[in-house]
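Residue numbers (the numbering used here): 278 to 1448.
Glycine is no exception: its CB is placed at the ideal position from the N, C-alpha and C atoms.
What you are looking at is a predicted structure, and each value in this text was computed from that prediction instead of being measured.
Structure record follows, encoded as structure tokens.
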Amino acid sequence: MIFSGPVTAGDSYLTFNLAGGILDIFDTLRVATLNLNAGAVLKQTDGDVIATQGIFVSGGQWQHISGALTITGSLDDALTIANDGTSLAAVGVGGTSQFGTLKVLSDGQNYASYGQSAGSYVYGLTNLFVGGGGDARVNLLGGTLKVANHTPITVGWIDQNTPDPADPVPGQQARLTLSGDAILLLGNAAEDKITGLNLATHQGATLTVGGNAQLYAEGGLRIGGAGAGHVIQDGGSIDFNEDLSVADGPRALIDQSGGTAEYRNILLSSTAVDPSVYTLSGGSLTADSFQLKGNAMFNQTAGGATLGSLLVGAFGTTDNLFELSGGTLTATTTAGAGEGGVITLNGGTLNTATLYLNTGGVIEYLSGTLNAQSLNFNGGTFTLAQNRALNVSGDGLVKNTLTFAASNTLDLGGEMRLFGGTFNTVGTVELGSLVLEEGATYTQTGGTATVIDEVELATGSALTVSGGSFTAGGTLVLDDGVTGNLPGGSTLGVSGGASFTTGGATFNRGTAVTLGSGTQTFNGAINVYGTLTLDSGSDVTAGDLTIGRDYTGTLAGALQFNAGLLDVGHFDIVNSANLYGGTLTAERFTVRAGGAIDWTSTQATVSGDALIGGTVTMSNGQLNAASLALNATDAAFTQSAGTVAITGETRLNANTTINRTGGTFGTGSLVFTGGNASFTQSAGSLTTVSLDVTQLASATFALSGGTLRATGNASIFGSGNAGGNDFTVSNNAFLDIDGNLGVSGATEIVTSGTARFDVGGAFRVAQTTGDDVRLTLGAGTTLNNGTAELGGNGKVSVTLNGLHDVDGAFTLGGAAGPQSVYLIQGSGELRAGAVTLAPVAGSSARLDVGGTLAVDGAIEVGAAGGGAGTLRLTTGVINADSLTSHGGTTITQLGGVMNVTGTLDNGGSYTLSGAAINAGTFVNNNTVTVSSGAAVNTLTGDLTNNGLLMINSTLTVDKTSAAISNTGTILLDHGAQLALYPGATLHNNQGVLGGIGTFGGVSATILDEGYLAPGYGPNETTELTIVGDYTLLAGGHLEIDIASLTAFDSVHFQNGSPEFYGWLDVNFADGFDAVLGDTFDIITGTAAFTTLFRDITTTGLDSSLALSGTDLGTTFRLTVIEAMTSGGGGSGGSPSPVPEPSTWALLLGAAALGVAIWRRHRPSPQAATPK
């Protein structure tokens, strides 16, 4: 049925019952009641439909193309709107019935939409479904839509009656959009209908709120399920009386750039690869709590957020992130990060009652403003960027590590209590009070710290101030067990010129407190019930000083010597003394075994000997003496500052120790003797005329800092402890010996760090029989010598990872003795004026280069009739002016680069494997082996081979116009190659070119007046390839072995036209008897031959046979024919040495046909070949 004009059936009484079929409307249909039954289709093609009293649906379908639907009555049951993609202009639902359901779905086709225009008023929907598996849309442009039910409305819903509800079309979205002045009201609290909104339960869905639109729901907003949900708000208001939650599944995105949004709680969870994200870039957000779960994120770039609490990483998950880069977020109770949670402040303002941080959490305060009423840090990591200020109005509880840089500020108005945590500051800190519980540490190395009230340190806590100023308005209280010893890092420490001010101090029973250099001001009383020690340079001001009866306060020690002059004949310390000032003059100075001196500032002059049998600890002051000897077991001299000046000898006997960590020390000689003695220096300077370190058995000489200089000569002798790190120079220490240094015995010298070791004269190591010296130079260290003689009659082993710089000659293995080994590794570099290995008969030396060897002059390996020298280059580089090796020596180059500006002259064995040589000329007078493998070996320079060059892989002469001369033998292993660059010339001057592989290169030239001998023997088919231009000169020989019809030598010429002016020598080998007609293609090429051979010689061919050579253009073939006789040809007879004239004619005729015939000749004498 088709209505093409207006139809009015009455506003108040007429019921239009569509029981079946299709009703197609082209104009206005106005009825009171419209019944849509099962099987019926109301098709609204181009007109309006008005139902004044309601629509009752018991089935059927509404197909909308154009026009408006207005229902001023009731909507009973469910009305499904499906269309072909156009927009329904307006739908109004009124009346009092609340039992209707409006479904907007596409049934898998295109999309369906429901639009409510501005000004309309709709009331009474029971439920609303948007979806159907396609692009279904509900657009509210104005008016009010109320939906009240006990269940949520659904956007992103699939009707179970759709053909395949479980498989929506990918990418299609259900959409609910509020704009203009539209109002959507969900639920009715009076009727206990708590209606919420489910978004993307079955398919992707989008909720959009903009303009002045309002969305209010008694229930909550749940996002996710089978589809990805997206909430977009750029205006209006969203108000859900219950929670915003995200189900596991595809990601959820909430983008708020304007308007207001309010939820009871927000739980943002995500397990998808792409995390769920709430982005606040404008407007305002309000919630009682905001929690992140899984890998969900909350990004705020602008706008305002007011939350009861913000918990990031509160569920033991990972990759939670809240980032604030703009706007303001206020957490009225707590903002914090737990395990796996990260809070990053890149801008904006974060206000919170409590800033919370737990183990595994991270708070990064990079920019913006952070204000908190209290801190509760149980673990995790707190990071402050430069110039950041942390403002806390209340208390702080810290169990982790807090660090405040110089540009940072902490303002905490209440109590800062550290429970085993660590507080480091060089910034500006202001605290109400400070309490350090057991295990807590407060360290200040600079800046300003102000504590308004009391400072309390519990047992096992530590407070150290080594820079800046520390001021406390109240009392400093130390509990039992608090100890300290400053300078040097104590529990309570004030040092380094720091300023420490408190109202007073109480040091309880069991404490031991040292107040070091700096200014300590106690505005009240100091009560000491433990031990109080005032170091040199300390400046202490106090109202009163009280020492408990059973405890001591040491101001000047057992010997009270703070100032004035003490002049004695013998200064003899039996027990202990504290030298804190004044001037001491004595003829002798003795500290007996068991005695002790704490020396901080006294100036002492001893005209005779100073003998130490006990311990002396010098941290300042001065000692002048004629000699100094540590002469009893366990005697020790420790110097951290001050000055020692000994005009004669300083001697360490057995089981004694000198330990220097600073200051200056001068002596006529430093003599180190006896077992178990120890000399250590980590800072300061020591100057001696001579240095004599002997009897290094179980003893130690360790220089780890500062400078030790010997203006004369020095010697080091070990006795059976090689490998025990006897003599070490480490860190940034500098050992400077102006004269010579001899190292002998069984000794190990080790350098490390950035240490420097200079020997201005000769560095002589292991020169005597029985010496076994090991020298290890670590990366970053430097050893400088005038000359170096390593290994003579003794043995030396060197491992170099640093720099060894020798101004003059470097000799390794200079005498007939055991092999000396020098290893250059990694970053190691040896520089020398010249290098000689094993220069005399019977000597043995090995130099391994894995780093850099730089020689200004020549390298000589062995000597004529000399020792067994070995040079190995594995990685790295060797630079030298020239290199010469002699017979019996070995050079192995397993990689790296050999740079020789002049001549590299090999007289021994030289092996290359994946290596590069850059030389003016490489001269081989013995044996060079190029190892097999895929790596390419390169030679940049000219090559002269007078010995054996055995190539098992590839050797590339990569110098253009290189000159290669061969008077020896060059052999190619199967598939090997001697590759020449364009313009290069290989002159085989009476030498041998043989093997199996390839000689030459494009545009290269080979001039051969020696022997070209393919293969290694007659029992295999071998082919030798020549690339480039080849000329066999008049004195040259091409040698071919023939062992069968298939096993014979051949030569292939490519990229050139070969010319043959020399001899062809054919050998029938391995008992092979050729017969008449046998042929052998011995030469092939890519171009024609211009000149054939001068003559042929054969061996092993029956006297009745001869060979015929045929030029086939690019192939030269040998054919077995009958030998010509004196009778004019044919078989049989004796060969004629001189052809008759008719035979010459026959030969000439054959030549005219391109065929050359030779008779059998006796082979000419020739040099040894690789047959």
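Check, Outcome
"Residue 468 in three-state terms, based on DSSP", "helix"
"Length at least 3, wholly inside the region 451-512: the beta strand (DSSP E) runs in chain order", "451-455, 460-463, 474-476, 482-486, 491-494 and 498-500"
"Distance between beta carbons of residue 1327 and residue 1361, contact taken as under 8 Å", "7 Å"
"Nonlocal neighbours in the same chain, by C-beta distance under 6 Å from residue 1349, ignoring five residues either side", "1320 and 1321"
"Neighbourhood of residue 1136 by C-beta distance below 6 Å, restricted to the same chain and skipping five residues each side", "1112, 1157 and 1160"
"Residue 1079 CB to nearest heavy atom of the ligand FMN below 6 Å", "As for the ligand FMN, it is missing from this structure, which has no ligand bound."
"DSSP three-state assignment for residue 294, whether helix, strand or coil", "strand"
"For residue 1401, the first and last residue of its enclosing beta strand (DSSP E)", "Where residue 1401 is concerned, there is no enclosing beta strand (DSSP E), given that its DSSP letter is neither H nor E."
"Cβ-based burial, residue 991 [other Cβ within 10 Å; buried from 16]", "buried"
"Close beta carbons around residue 636, own chain, < 7 Å, minus the five adjacent residues each side", "616, 655, 656 and 657"
"Exposed unless 16 or more other CB atoms sit within 10 angstroms - verdict on residue 664", "exposed"
"Alpha-carbon to alpha-carbon, residue 642 and residue 572", "21 Å"
"Counterpart residues of residue 1303 in DSSP-defined beta bridges", "1276 and 1330"
"Buried or exposed (CB count within 10 angstroms, at least 16 for buried), residue 1389", "exposed"
"Where the beta strand (DSSP E) through residue 1251 begins and ends", "1246-1257"
"Where residue 880 sits in the DSSP three-state scheme", "strand"
"Segments assigned beta strand (DSSP E), at least 3 residues, entirely inside the region 1194-1255", "1204-1207, 1213-1222, 1225-1228, 1231-1234 and 1240-1243"
"Three-state secondary structure (DSSP) of residue 676", "coil"
"Residue 500 versus residue 688 - alpha carbon distance", "42 Å"
"Nearest-angstrom Cα separation, counted from residue 876 out to residue 1018", "35 Å"
"First through last residue of the beta strand (DSSP E) which encompasses residue 1011", "1011-1014"
"C-alpha distance - residue 513 paired with residue 712, whole-angstrom precision", "51 Å"
"Residue 1323, enclosing beta strand (DSSP E) - first and last residue", "Careful: residue 1323 lies outside any beta strand (DSSP E) and carries neither H nor E."
"Spatial neighbours of residue 1140 in its chain, beta-carbon cut-off 6 Å, leaving aside the 5 residues before and after", "1116 and 1163"
"Cβ-based neighbour list, residue 1196, same chain, cut-off 6 Å, excluding 5 preceding and 5 following", "1177, 1181 and 1218"
"Helix, strand or coil at residue 857 according to DSSP, with G and I counted as helix", "coil"
"Euclidean distance between Cα positions of residue 1379 and residue 1147", "53 Å"
"Residue from 479, 1292 and 454 with nearest C-alpha to residue 524", "479"
"Pair within 7 Å by beta-carbon distance, residue 545 and residue 553", "yes"
"Euclidean distance between Cα positions of residue 886 and residue 866", "7 Å"
"Contact set for residue 722: own chain, Cβ-Cβ below 6 Å, skip 5 residues either direction", "703, 743 and 744"
"Classification of residue 1126 by the beta-carbon crowding that lies within 10 angstroms, buried from 16 upward", "buried"
"Rounded straight-line distance, which links the Cα of residue 853 to that of residue 890", "12 Å"
"Helix, strand or coil at residue 714 [DSSP, three-state]", "coil"
"Cβ neighbours of residue 533 in the same chain (closer than 6 Å, five flanking residues each side left out)", "510, 557 and 560"
"Which listed residue (539, 1238, 528 and 564) has its alpha carbon closest to that of residue 548", "528"
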